[in-house]
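Asker: My questions all concern the structure below.
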Amino acid sequence: MFLLKKTLFAGLAFLAINTFRFVKADEQPSDVISLTKDTFHSIVDPENVILVEFFAPWCGHCKALAKVDCTAESELCQEHEIRGYPTLKVFRDGNATDYTGGRKEDSIISYMKKQTLPAISDVTVENLDTFKDSENVVIVGFFTADSQEEYNTFAKVAEANRDSDFVFGATGQKEAADKEDLKPPVIVLYKNFDERNATLYPPFDEEKLSTFIKTNSIPLLAEIGPENYAAYVDSGLPLAFLFYENDEQRTTLGKEIEPIALETKGKVNFVYIDAVKYGSHAQNINLKEVWPAFGIQKPEEGLKYPYDQSKEITTENIRAFIEKFLKDEIPPS
């Protein structure tokens, strides 16, 4: 097994590249270290951030990175529940999370640089406007000297979301809160869609804050595809699909559905799905491939609730369907 050890970054690309060279274990100098079950914890646990790759020699996809042989260290690989190759894990102070970045050297460098940066950026009254527009979803905590408990909760949630597309920032400046007409402590989620921002005041714990972020970081009614399906599943909410086969259907039926999506925000997520590209997904909701169509799915539970395809898709009909669904008056099919 080898690991990629984090060293200090000077903020320059060439230093980052030198820090993350991929070389064989017997080459010197090297930041790639060979591990065994006897040395693993003594080397990995003290590090703030460290990247470990588990591999098997017959794995063709592993050849682009330094080699890690799970066939020689099977006990250690079993300890970390390695079931496929290659598997990359980021260890932070001895705690493992799955590596979710690309497998090329530049992708790994970029990913690990982000891991070494603070989970929370410093926000000031001067950089607030720029910061809150820096990504699609930006979460800023406005705190006071007396809100250490709220800040600690915020910090834990930010750390848990390092691998997400969210950006977290915090400020203790009264001027920054005044600029936004806010009374801290308060969490604000800024987004470049829908109502543009959402606020959460105490009391809140990690679960409530995480739910707030998941609920408000998803558009009211957006297109779904392979690139964002996981985000909808991770939200934990039922997913209502509107299948359409042309732009006219999408526009016309979207106007019918949007009021319901707004009324049930935080209870059900609504999405458009292109029936020309992904029409086969209708079968997963027990719908016929006849368009337009509507149905609800609970992905994590595998439950499906098809809307009667003999009925017209209107605001009134869908509202009645959703109300019954939320009252558990519609059995899954």
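Taking mature numbering (1 follows the signal peptide of the UniProt record, and there is no 0), I'd label the letters of the sequence shown as residues -25 to -1, 1 to 308. Glycine is no exception: its CB is placed at the ideal position from the N, C-alpha and C atoms.
1. Give the list of continuous alpha helix (DSSP H) stretches no shorter than 4 residues that lie fully inside the segment 246 to 295.
2. Does the Cβ-Cβ distance between Pro306 and Lys279 come in under 8 Å?
3. When burial is assigned at 16 or more other CB atoms within 10 Å of the CB, is Leu10 buried or exposed?
4. Do you know whose CA, among Gly69, Glu54, Gly76, lies nearest Leu63's CA?
5. Taking the DSSP output, what are the residues bridged to residue 318?
6. Compare the Cα-Cα distances from Phe300 to each of Lys286, Val112, Pro281, Ser285 and report the closest residue.
7. If we count the other Cβ atoms within 10 Å of its Cβ and call it buried at 16 or more, is Arg171 buried or exposed?
8. Any idea what DSSP makes of Asp97, helix, strand or coil?
9. Identify, in the order they occur along the chain, each residue of the same chain with its Cβ nearer than 6 Å to the Cβ of Ala215, setting aside the five sequence neighbours on each side.
10. Once you ignore the five residues that flank residue 321 on each side, which residues in its own chain have a CB closer than 7 Å to its CB?
11. So, Val132 versus Leu184, is the Cβ gap smaller than 8 Å?
12. If you reduce the DSSP assignment to three classes, tell me which class Ala120 lands in.
13. Taking Glu150 as the reference, which of Ala236, Ala130, Thr119, Asn127 has the closest Cα?
14. Cβ atoms of Gln284 and Ala295: under 8 Å apart, would you say?
15. Between the alpha carbons of Asp20 and Lys89, how many angstroms are there, rounded?
16. Return the CA-CA distance between Phe66 and Glu181, expressed in angstroms with no decimal places.
17. Bridge partners of Asn172, per DSSP?
18. I'd like the list of long-range same chain contacts for Thr190, defined as Cβ closer than 6 Å, with 5 residues on each side in sequence excluded.
19. For Phe141, report the span of its beta strand (DSSP E) as first-last.
20. Using the Cβ count rule (16 or more neighbours within 10 Å means buried), how would you classify Lys154?
21. Excluding the 5 residues preceding and the 5 following Phe187 in the sequence, name in chain order all residues of the same chain whose CB lies nearer than 6 Å to its CB.
22. Are the C-beta of Phe218 and some C-beta of chain D separated by less than 8 Å?
23. Val115 and Thr146 - do their beta-carbons sit closer together than 8 Å?
24. For the alpha helix (DSSP H) that contains Ala47, what are its first and last residues?
25. Exposed or buried, what is Lys(-2) when buried is set at 16 or more other beta-carbons lying within 10 Å of its beta-carbon?
26. Within this structure, are the beta carbons of Glu220 and Ala250 separated by less than 8 Å?
27. Could you name the residues of the same chain whose beta carbon sits closer than 7 Å to that of Arg225, not counting the 5 residues immediately before and after it, in chain order?
Answerer: Taking the geometry as given:
1. Unbroken alpha helix (DSSP H) runs of no fewer than 4 residues, entirely contained in the segment 246 to 295, are found at 250 to 253, following chain order.
2. Within the sequence shown, residue 306 is the residue found at index 331, counting from 1. Within the sequence shown, residue 279 is the residue found at index 304, counting from 1. Contact flag unset, no.
3. To locate residue 10, count along the sequence shown from 1; it is residue 35. Under this definition Leu10 is a buried residue.
4. The residue given as residue 63 occupies position 88 in the sequence shown. Of the candidates Gly69, Glu54, Gly76, the residue whose Cα lies closest to the Cα of Leu63 is Gly76.
5. Residue 318 lies beyond the residue range present for the chain, which begins at -25 and ends at 308; the question has no answer from this structure.
6. If you number the sequence shown from 1, residue 300 lands on position 325. Of the listed residues, the one whose Cα sits closest to Phe300 is Pro281.
7. Locating residue 171 in the sequence shown gives position 196, where the first residue counts as 1. It is exposed - the Cβ of Arg171 has fewer than 16 other Cβ atoms within 10 Å.
8. The residue labelled residue 97 in the question sits at position 122 within the sequence shown. Here DSSP, grouped into helix, strand and coil, assigns Asp97 to strand.
9. Translated into the one-based positions of the sequence shown, residue 215 becomes position 240. For Ala215, where only same-chain residues beyond five positions count, the Cβ hits under 6 Å are Val243, Phe245, Ile271.
10. With the chain covering only -25 through 308, there is no way to say anything about residue 321.
11. By one-based count along the sequence shown, residue 132 stands at place 157. By one-based count along the sequence shown, residue 184 stands at place 209. With respect to Leu184, Val132 sits close: the two C-beta atoms are nearer than 8 Å.
12. Looking up residue 120 in the sequence shown gives position 145. Correct three-state label for Ala120: coil.
13. In the sequence shown, the residue the question calls residue 150 occupies position 175. Cα-wise, what sits closest to Glu150 is Thr119.
14. Position 320 of the sequence shown holds residue 295. Position 309 of the sequence shown holds residue 284. Taking 8 Å as the cut-off, the beta carbon of Ala295 is found no closer than this to the beta carbon of Gln284.
15. One-based indexing of the sequence shown puts residue 20 at position 45. One-based indexing of the sequence shown puts residue 89 at position 114. Between the alpha carbons of Asp20 and Lys89 lies a gap of roughly 20 Å.
16. As a first step, residue 66 is located in the sequence shown; it is residue number 91 there, counting from the start. As a first step, residue 181 is located in the sequence shown; it is residue number 206 there, counting from the start. Rounded to the nearest whole angstrom, the CA to CA distance from Phe66 to Glu181 is 22 Å.
17. Here residue 172 corresponds to residue number 197 of the sequence shown, with the count starting at 1. Asn172 has Tyr165 as its beta-bridge partners, per DSSP.
18. Locating residue 190 in the sequence shown gives position 215, counting from the first residue. For Thr190, where only same-chain residues beyond five positions count, the Cβ hits under 6 Å are Gly241.
19. Looking up residue 141 in the sequence shown gives position 166. For Phe141, there is no enclosing beta strand (DSSP E), as DSSP gives it neither H nor E.
20. Position 179 of the sequence shown, counted from the start, is the residue given in the question as residue 154. Around the CB of Lys154, fewer than 16 other CB atoms lie within 10 Å, so the residue is classed as exposed.
21. Counting from 1 along the sequence shown, the entry for residue 187 is found at position 212. Closer than 6 Å at the Cβ level, and outside the excluded window around Phe187, lie Leu175.
22. Given the protein chain composition of this structure (a single chain), no chain D is represented.
23. On the sequence shown, position 171 is the one that residue 146 refers to. On the sequence shown, position 140 is the one that residue 115 refers to. In contact: Thr146 and Val115 (Cβ atoms closer than 8 Å).
24. Working through the sequence shown from its first residue, we reach residue 47 at position 72. Where Ala47 is concerned, there is no enclosing alpha helix (DSSP H), given that its DSSP letter is neither H nor E.
25. Stepping through the sequence shown from its first residue, residue -2 is reached at position 24. Because the pLDDT of Lys(-2) is 33, which lies under 50, any placement of that residue in the model is unreliable, and the number read from its coordinates should be weighed accordingly. Exposed, by the Cβ-count rule.
26. To locate residue 220, count along the sequence shown from 1; it is residue 245. To locate residue 250, count along the sequence shown from 1; it is residue 275. Yes, the Cβ-Cβ distance between Glu220 and Ala250 is below 8 Å.
27. Position 250 of the sequence shown, counted from the start, is the residue given in the question as residue 225. Around Arg225: Tyr219, Tyr247.
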